[in-house]
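In the working numbering, the protein residues as written are 36 to 187.
Reviewing the structure listed below.
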Amino acid sequence: LYATSTSGLDWSIVSLIDLRLRSDGIINTPPVADVLSPQYVIVNTTTLIDIPTSDINTGDDVRCRWAVDKSNESINECSNICYPGGLPNDTTLSNCTISFTGLVANKCYPIALQVEDFINETSTEPMSSVPVQILICVEPTPSCTILPTIVS
Numbered sequence: 036l037y038a039t040s041t042s043g044l045d046w047s048i049v050s051l052i053d054l055r056l057r058s059d060g061i062i063n064t065p066p067v068a069d070v071l072s073p074q075y076v077i078v079n080t081t082t083l084i085d086i087p088t089s090d091i092n093t094g095d096d097v098r099c100r101w102a103v104d105k106s107n108e109s110i111n112e113c114s115n116i117c118y119p120g121g122l123p124n125d126t127t128l129s130n131c132t133i134s135f136t137g138l139v140a141n142k143c144y145p146i147a148l149q150v151e152d153f154i155n156e157t158s159t160e161p162m163s164s165v166p167v168q169i170l171i172c173v174e175p176t177p178s179c180t181i182l183p184t185i186v187s
């Protein structure tokens, strides 16, 4: 789906699902990402944000990548929030984990990812690609110096 409104704001949703039979004889089921949004981080603190993924097809290799704008192929997975966009310079994505350091408090950053499944670890062609968008919101340093305790 893709649309440009009269106000000039763009939106798009891109998902790829291959409905052919897999090499193991079954139809593929796309992966799922189970991440909460927004994610809150403390200013000037590097935080690792895990994107939990699962795939009902046992043995599939699930990978995450930054969404991209391939306008030359009529595919825009991320509109105006493509990486690196307005993200802090040291923001990275590795093995479905985002490393993020927010330098400005009270600011939220949109993140656009694609979660893809592959038949095995050596495959370079995804069987499906599912969009995931989250917000990372930067909070000021807490003024409270007393750490919480768990009381049973």
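We put the beta carbon where it would ideally sit given N, CA and C, even for glycine.
Requested in this report: Give the DSSP bridge partners of A68, in chain order.
Outcome: Under the DSSP definition of a beta bridge, A68 partners with T88.
Report task. Let me know the secondary structure DSSP gives I116 once reduced to three states. Result -> helix
Query raised in the report: In whole angstroms, what separates the C-alpha of R55 from that of N92?
Result: 14 Å
Report task. Measure the Cβ-Cβ separation of V67 and E112 and say whether it is below 7 Å. Result -> no
Query raised in the report: N63 by DSSP, collapsed to three states: which one?
Result: coil
Query - DSSP state of L36 mapped onto helix, strand, coil - result: Bear in mind that the predicted position of L36 carries a pLDDT of just 44, short of 50, making it unreliable; the figure below should be weighed with that in mind. Assigned with DSSP and collapsed to three states, L36 falls in coil, not helix or strand.
Query raised in the report: Going by beta carbon distance, what residues of the same chain come within less than 6 Å of E174, once the five residues before and after it are set aside?
Result: Y75, I77
**Report entry** CB contact flag (D69, F153, <7 Å)
**Finding:** no
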